[in-house]
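See structure below.
There are 2 protein chains.
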Amino acid sequence: MNLTGPALAEGPETARIRAFLEGAGAAGGRTNPAVTVTLPVGDDAAGFRPPDGAQVVVSCDASVEGIHFRREWMTWETIGYRAAASALSDLAAMAATPVGLVVAAALPPELDVETAAALGRGVGEVSGRVGAEVLGGDLVASPGPAFLDVTVLGYAAAPTTRSGARPGDELWVTGELGAAAAALSDLERGLEPDPRARRAFDRPRPRIDEMLWLRDRVRVHAAIDLSDGVMRDARHLAAASEVALEVEADRLPAAPALEGFRRAPAGERLLLAGGEDYELLIAVPSGAMQGTARAFAVAFDLPLTRIGSAREGEGLTVSGRSNPALPAGFDHFEAGR
Amino acid sequence: MNLTGPALAEGPETARIRAFLEGAGAAGGRTNPAVTVTLPVGDDAAGFRPPDGAQVVVSCDASVEGIHFRREWMTWETIGYRAAASALSDLAAMAATPVGLVVAAALPPELDVETAAALGRGVGEVSGRVGAEVLGGDLVASPGPAFLDVTVLGYAAAPTTRSGARPGDELWVTGELGAAAAALSDLERGLEPDPRARRAFDRPRPRIDEMLWLRDRVRVHAAIDLSDGVMRDARHLAAASEVALEVEADRLPAAPALEGFRRAPAGERLLLAGGEDYELLIAVPSGAMQGTARAFAVAFDLPLTRIGSAREGEGLTVSGRSNPALPAGFDHFEAGR
């Protein structure tokens, strides 16, 4: 662990590490009173004590400049925010309470202290929002594209997995879909996205609070976060649970920012296959959401929508058409990807 | 978490992920009966349950091709081994019992399934040696130099930190020093290293078992692993503990592989400032090692050597000369780095 405090020798790397940590700290935010961070940043390793009986949940998420993000599309603050949000979203899917994260970053030499500070602010912003602390990390120089790896740590008494969906379950999804993909599609074509889409892309919300709320009220059989799009992630859930899933395309909660794409097959594609919404796809027993979905919408000002169901079998079927003008060739989504 | 099993869609990335995991699994090794890995590789996150009362200890270590390793100097197996060993060494310094690790790797597109498998074998070799499991990770493609980030997880009832050394303490070091630096020095000059140095460089041993053994027998006040060389790491320990440290150069246990360098100032430099030995520098109360050092040497077939002491003050002093032929200009080591 090299994200350390005053005990390190001075130098350009130390200056960047300090700037990163100060940026993350300045972002502030809430902390989790149930967890004791026993060893914060500054030693060979960091330490924390999870509540008795809890298991530790860990995941990591790597992103590379030019592949997963582009400097010309967003600030370094946004790059840091999105990298951490993507990793934290995996904790949300597991119904885990976040504790903290460690960040490894490889930055080209020309990226200065202000870059490190901006990265730190972005990581700190989303971490503070969900009660996670920056526990440490490593900042190194690289002659190649910038690289970020965020490892998140949390705990849960009984984590939710992808593999618990059963025939007869209902499939629900939090929030609205497609806005991040719409922003990405515009950026790729050199257009400035719709502001709502830009916001969804820049500042996705890991659905931590939402999932913990749901877990306390409903028996959640299985969950996965939508990082790769409904189609692909639903396939993962179906495969892990060994069930068939049917998604009704007309029920998918399309983000208003998708309106501009709505008349074209591209809109349908963004809705079904666009990723990076970081909403949650959840399987619950039939009828379990009775009353709960409305309470959820009120509590979080966020829709919770039933989009399909599980049955015996395997694979994914998408039925209906959210856009009746779609060409028949669009069936390739149904055939698999 | 994207290091997943059969539930993932097929593709070149999945093939590399599988190869990595199979490589890591094939390396085998011991597991830790005190820890339950509740959720292995294959979901959004992995999970484990530490023993009651333990705190979780976490650290990460990043390395970049061309900066921290070079393909022409070692196999991908060795690259994986060294990256994991370096991270695990941080757990050793904390007197933490390893649980597992998550690995993020960015590999250039031309690096194929065999590269991923070799990386996995190396990571699995050292992990299995200390009882850590590969819990997950992320493999992504990158147009730049290869990048590796290993995050290690362990637990301890009371982790050892860098900050507990007190005036009057004795400073001890495990093993022998300078062999890895000697190998690196030869490699940098295009020479094939002494086989003993090459072995020390390629297959460093995280001193996990050694530290846990010591912790059970001696009150260890402070520890740090020697990743950056005795001089630099002793300075970190002194600063964190707010004491002055005095190292007697004549006492430093020079590796036999340093012999070829012994007549030159370069040898002294490798011994004092060469890194990557991953031995441990430990502060214990005066007299505490009485009898224990010999038992340690017998138990691990490894020297344990007193190299100095702590007193009131700050900073590091190196006294004596392991090589009397050294020029006076060598004093810059004593003045600081």
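These protein sequences, in sequence, are chains A and B. Residues in the first sequence are numbered consecutively from 32, following the numbering used here. Residues in the second sequence are numbered consecutively from 32, following the numbering used here. Ideal Cβ positions, reconstructed from N, Cα and C, are used throughout, including at glycine. Remember, predicted model here, so these are calculated numbers, not experimental data.
Taking one beta carbon from each stretch, the region 185 to 203 of chain B and the region 247 to 257 of chain B have 3 or more pairs nearer than 8 Å; the two touch.
Residue range 335 to 342 is occupied by the beta strand (DSSP E) that includes ARG342 of chain A, with no alpha helix (DSSP H) assigned at that position.
A straight-line Cα-Cα distance of about 16 Å links PRO284 of chain B and SER258 of chain B. The alpha-carbon of HIS99 of chain B is positioned some 21 Å away from that of ASP92 of chain A.
In this structure, DSSP gives ILE98 of chain B a state outside helix and strand, which the three-state scheme calls coil.
Cβ proximity to chain A below 9 Å picks out LEU166, GLY167, GLY168, ASP169, LEU170 from the region 146 to 170 of chain B.
Excluding its 5 nearest sequence neighbours in each direction, VAL181 of chain B has C-beta neighbours in its own chain below 6 Å: ASP92, ALA114, ALA115, ALA118, LEU132, VAL134, listed in chain order. Burial is judged here by how many other beta carbons sit within 10 angstroms of a residue's own beta carbon; GLU219 of chain A has fewer than 16 and is exposed. Where SER120 of chain B is concerned, the enclosing alpha helix (DSSP H) starts and stops at 107 to 124.
In the three-state reduction of the DSSP assignment, THR323 of chain A falls in the helix class, which pools H, G and I.
Taking the beta carbon of MET125 of chain B as reference, the chain A residues within 9 Å of it are LEU70, ASP74, ASP75, ALA76, GLY78, listed in sequence order.
Distance between ARG80 of chain B and VAL89 of chain A, taken at the CA atoms: about 11 Å. Fewer than three beta-carbon pairs drawn from the region 238 to 246 of chain A and the region 267 to 284 of chain A are found closer than 8 Å, and the two stretches are therefore not classed as touching.
DSSP places GLU145 of chain A in the uninterrupted alpha helix (DSSP H) bounded by 144 to 161.
In the assembly as shown, ARG101 of chain A is an exposed residue. Its beta-carbon has fewer than 16 other beta-carbons within 10 Å.
With distances taken between CA atoms, ALA231 of chain A lies nearest to A:ALA210 out of A:ALA210, A:ALA76, A:LEU222.
Within the same chain, ALA172, SER173, PRO174, GLY175, PRO176, ALA177 come within 8 Å of PRO139 of chain A by CB-CB distance, once the 5 residues on both sides are set aside.
Following the DSSP letters along the chain, one finds TRP104 of chain B in no alpha helix (DSSP H), marked with neither H nor E.
ALA304 of chain B sits away from ARG266 of chain B, with the two beta carbons spaced by 8 Å or more. In the DSSP secondary-structure assignment, GLU141 of chain A is not bridged to any residue. The alpha-carbon separation between VAL72 of chain A and GLU53 of chain A amounts to approximately 12 Å. In this structure, DSSP gives LEU289 of chain B a helical state, which the three-state scheme calls helix. Among the residues facing chain A, PHE178 of chain B is included, as its CB has a counterpart in that chain under 8 Å away. Cβ contact annotation for PRO334 of chain A (same chain, cutoff 8 Å, sequence separation greater than five): THR205, GLY206, GLU207, PRO284, ALA328, in chain order. For the C-beta of ALA275 of chain B, not a single chain A residue is nearer than 7 Å; the gap to the nearest is close to 14 Å. Following the DSSP letters along the chain, one finds ASP217 of chain B inside the alpha helix (DSSP H) bounded by residues 210 to 219. The residues ARG80, in chain order, have a CB closer than 6 Å to that of THR67 of chain A in the same chain once the five nearest residues on each side in sequence are set aside.
The alpha-carbon separation between VAL130 of chain B and ALA124 of chain B amounts to approximately 15 Å. Taken through DSSP and simplified to helix, strand or coil, VAL130 of chain A comes out as strand. Within chain B, the residues placing a beta-carbon under 7 Å from that of VAL133 of chain A are VAL89, CYS91, THR182, ordered along the chain. For MET320 of chain B, the closest C-alpha among the options B:GLY60, B:ILE48, B:GLU201 is that of B:GLU201. Per the DSSP secondary-structure output, SER350 of chain B pairs in a beta bridge with B:GLU279. When 7 Å is used as the limit between beta carbons, PRO81 of chain B is near these residues of chain A: VAL87, in chain order.
Going by DSSP, LEU302 of chain B is part of the alpha helix (DSSP H) stretching over 296 to 304.
Counting only the Cα atoms, ARG337 of chain B lies some 4 Å from TRP203 of chain B. Cα atoms of LEU243 of chain A and LEU243 of chain B: separation of roughly 38 Å, rounded to the nearest angstrom.
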